[in-house]
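Respectively, the protein sequence lines represent chains A and B.
Residue 33 in my numbering sits at position 29 of the first sequence; the count goes up by one each step and never skips.
Residue 1609 in my numbering sits at position 205 of the second sequence; the count goes up by one each step and never skips.
Cβ atoms here follow ideal geometry from the backbone N, Cα and C, with glycine treated the same way.
Inspection log for the structure reproduced underneath, given as structure tokens.
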Amino acid sequence: MNEANDLAGAVASEPADEAASGQGRPEAVPPDDRPGAGRRAARGREGTEPPLRHRIITVSLLTVAAIYFLTPVYWLVVSSTKSSSDLFGTFGFWFHDPHPFDYLHRVLTYDDGIYVRWFANSLMYAGVGALAATLLSAAAGYALAKFRFPGREGIFNVILAGVLIPGTALALPLYLLFSEIGLANTYWAVLIPSIVSPFGVYLCRIYAAAAVPDSLLEAARIDGAGEARIFSTLGLRLMTPALVTVFLFQFVHIWNNFFLPLVMLSDSDLYPIQLGLTSWQGYADRQPELYQYTVGGAFLSVLPLMVLMGVLQRYWRTGLTEGSVKA
Amino acid sequence: MRRVSKAPRRFTRTEARSARAASGFLLPFLALFLLCFIAPIAYALYESLLKVERTGPLGLGGETKQVWAGLSNYAHALEDDRFTAGFGRVLLFGAVQIPLMIAFATALALLLDAASARWVGFFRTAFFLPYGVPGVIASILWGFLYVPGISPLVEMADSMGWEVDFLGRGAVLWSIANIVTWQFTGYNMLVLIAQLKAVPGELYEAARIDGANAWQVARHIKLPLIRPALVLTTVFSLIGTLQLFAEPKVLKPLSNSIDSGYTPNLAAYNEAFTSNNQHIAAAEAVLLALVACVLSFGFLRLVGRRGKDGDSG
């Protein structure tokens, strides 16, 4: 489910080139901080504060929703402090004889610290993959925005179609192909497909068209700078907000991807964390302590992503609406 | 004469230079795009048209070779009741879950837009948090909340005299729907909020002067204006739904009601890795991609046309 949804927001803004150009915002400013938004809030909202009854209803509805979204997370926190037998024997929504550090330590050291290895693998896949994806997308998006050459629109349309192809429909053929060329069950099998981000190209093109002025490029050319140098010193710098967005998107996308590594990898030393945890869960019937490790491992793996979500939120509201509906 | 001929030549030279520079930037991406998008599709199409034939006695042992199969793999996939049932299942799932989730996300976005500023940050983060939980982890997590014996939800329901079975035949599909809804509502909500923020304040002011109440503003101004975001979140949810895999795969050991062909993706996966029949798996992957494309483009065209009619009025 992940892949497709990752893109939803991005494309939701569906910014045509025309919409984006002419309002290139060089800095990523959360809409809340934009002067216009603030003025609007001051004018439209506080001026006519809704009646108390409405506010109570609103907040109660929001609270009910928050309980729904937070309950499983709360359960995870509570359960990560329990032993396997307490997991089954005690009430799930309350603590019982909590030993958080003890259990988490056991998660980290079980089976020669395989968990730490999975975690490092995940970080590697997501970190390296997202970085490479960002650079490749930046170069391709920049080229599509700033150079005129025959076939440009055709290439762009093919890349756009790539956004709409379900990722898991690709994973299986990709596995067949990769095992044919001997790449299956290697780091490359997960890494290479992760650095291709059609959506990243799309976003970079839109952004480069808006934020990198042609006149600046011309001036640099007249000064005798080569194209590679112009791109690395001017292009990349002007495109930074879009690049951050592409990086974060791709990082989360790779981190959450399950199908591709599942299909590609058979050696558990290469597993990313999600795959490792499902393998623990699969053995838990025979080794009950693995229930506890699965829960503890899930808790640990979710922590960094939660932090990232906090950061990501602002980019959601900026990068994504970049050049959007302000017609 | 010379001057005339010179002008176009110079033009093509700059164009050529531009194309050369562009290709330097484009090639690394295009090469990998070819490897990871175009080639697998082509390879899947090719594989789906072949089958394995064994030359040994009784078709056992002996040598195996690949022979042309025409469309027989597709016929096989489409005649397989479990595979088609899986397709029907995800379509039913999408028809129920997507509208519910989008409506839920819209309601939350509108409520947050109307709420007083103090609370917004907390709620928005709380709703968005599950998006940071990967599908597999979310499924493991909810799996624990579904399984009798460990689930506090089942226990609480029991103590109130309700008998619930989240993993039973009729319920498990909706238990999966709940996992997906839990994960992606907040995400879709943020997309919608982003678009709401782009609504010019003058519109609200005008509406208020005309005497519209909060509900009327939401219904007649905000909803129509976030329509593009609604359309695209729907399309991407649709693509996502057809790919359903991690949730049923993780819940499968917990529930007897999930078979190996529960969703098309699960069927293709099992065909390739359990039954070792990659040709049929390839055909199933192609069918899956095809249905996803037809549905999403179909939906886009449908709302696109209706949108034009609406806008002109």
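Closer than 8 Å to chain B by CB, residue i
i, result
"arginine 152 of chain A", "yes"
"asparagine 125 of chain A", "no"
"proline 197 of chain A", "yes"
"leucine 181 of chain A", "yes"
"glutamine 291 of chain A", "no"
"tyrosine 146 of chain A", "yes"
"asparagine 260 of chain A", "yes"
"valine 248 of chain A", "no"
"glutamine 285 of chain A", "yes"
"methionine 313 of chain A", "yes"
"glycine 96 of chain A", "yes"
"valine 111 of chain A", "no"
"serine 141 of chain A", "yes"
"alanine 134 of chain A", "no"
"threonine 138 of chain A", "no"
"threonine 85 of chain A", "no"
"leucine 176 of chain A", "yes"
"glutamine 278 of chain A", "yes"
"valine 200 of chain A", "yes"
"alanine 224 of chain A", "no"
"proline 35 of chain A", "Any reading at proline 35 of chain A must be qualified, since the residue scores a pLDDT of 41, below 50, and its modelled position is unreliable; no value is offered."
Below-8 Å beta-carbon distance, residue i vs any chain A residue
i, result
"tryptophan 1546 of chain B", "yes"
"isoleucine 1445 of chain B", "yes"
"valine 1408 of chain B", "Its pLDDT being 46, under 50, valine 1408 of chain B is placed unreliably in this model, and the value from its coordinates should be taken loosely. Taking Cβ atoms only, chain A never reaches closer than 8 Å to valine 1408 of chain B, which makes this a no."
"glutamate 1419 of chain B", "yes"
"proline 1503 of chain B", "no"
"asparagine 1669 of chain B", "yes"
"glutamine 1620 of chain B", "no"
"serine 1476 of chain B", "no"
"tryptophan 1472 of chain B", "no"
"tyrosine 1666 of chain B", "no"
"threonine 1529 of chain B", "yes"
"alanine 1509 of chain B", "no"
"leucine 1646 of chain B", "yes"
"glycine 1492 of chain B", "no"
"isoleucine 1541 of chain B", "yes"
"glycine 1615 of chain B", "no"
"alanine 1499 of chain B", "no"
"valine 1456 of chain B", "no"
"proline 1538 of chain B", "yes"
"proline 1356 of chain B", "In the structure as shown, chain B starts at 1405 and stops at 1717, and residue 1356 of chain B therefore has no counterpart that could be examined."
"phenylalanine 1532 of chain B", "yes"
Assigned exposure category for residue i - 16 Cβ within 10 Å defines buried
i, result
"aspartate 311 of chain A", "For clarity, residue 311 of chain A is valine in the given sequence; the question names aspartate instead. Valine 311 of chain A should be labelled exposed."
"lysine 1469 of chain B", "exposed"
"glycine 300 of chain A", "buried"
"alanine 193 of chain A", "buried"
"proline 245 of chain A", "buried"
"alanine 1622 of chain B", "buried"
"valine 1558 of chain B", "buried"
"glycine 239 of chain A", "buried"
"serine 84 of chain A", "buried"
"glycine 1665 of chain B", "buried"
"glycine 1539 of chain B", "buried"
"proline 1534 of chain B", "buried"
"proline 202 of chain A", "buried"
"glutamate 1451 of chain B", "buried"
"arginine 209 of chain A", "buried"
"glutamate 1675 of chain B", "buried"
"glutamate 184 of chain A", "exposed"
"alanine 1499 of chain B", "exposed"
Strand pairing of residue i, partner residues [DSSP]
i, result
"leucine 1454 of chain B", "B:Trp1472"
Cβ-Cβ separation, residue j to residue i (assumed contact under 8 Å), whole Å
i, j, result
"tyrosine 206 of chain A", "leucine 164 of chain A", "6 Å"
"alanine 175 of chain A", "valine 267 of chain A", "5 Å"
"glycine 166 of chain A", "phenylalanine 1437 of chain B", "7 Å"
"alanine 215 of chain A", "leucine 242 of chain A", "5 Å"
"leucine 1454 of chain B", "alanine 1473 of chain B", "5 Å"
"proline 177 of chain A", "leucine 264 of chain A", "Incorrect: roughly 12 Å between the Cβ atoms, too far for contact."
Min CB distance residue i to chain E below 8 Å
i, result
"isoleucine 1625 of chain B", "Of the protein chains in the structure, A and B, none is chain E."
*Between the segment 1682-1714 of chain B and chain A, which residues of the former have a C-beta closer than 7 Å to a C-beta of the latter?*
Gln1682, Ala1685, Ala1686, Ala1689, Leu1692, Ala1693, Ala1696, Cys1697, Ser1700
*When Cβ atoms are compared, which residues of the segment 229-245 of chain A fall closer than 8 Å to chain B?*
Glu231, Ala232, Phe235
*Going along the chain, which residues of the segment 62-81 of chain A sit with their C-beta nearer than 7 Å to a C-beta in chain B?*
Thr62, Val63, Leu65, Leu66, Ala69, Ala70, Phe73, Leu74, Pro76, Val77, Trp79, Leu80
*Anything in the segment 1544-1576 of chain B with a Cβ closer than 9 Å to a Cβ of chain A? List those residues in chain order, please.*
Ile1544, Leu1545, Trp1546, Gly1547, Phe1548, Leu1549, Gly1553, Ile1554, Ser1555, Pro1556, Leu1557, Glu1559, Met1560
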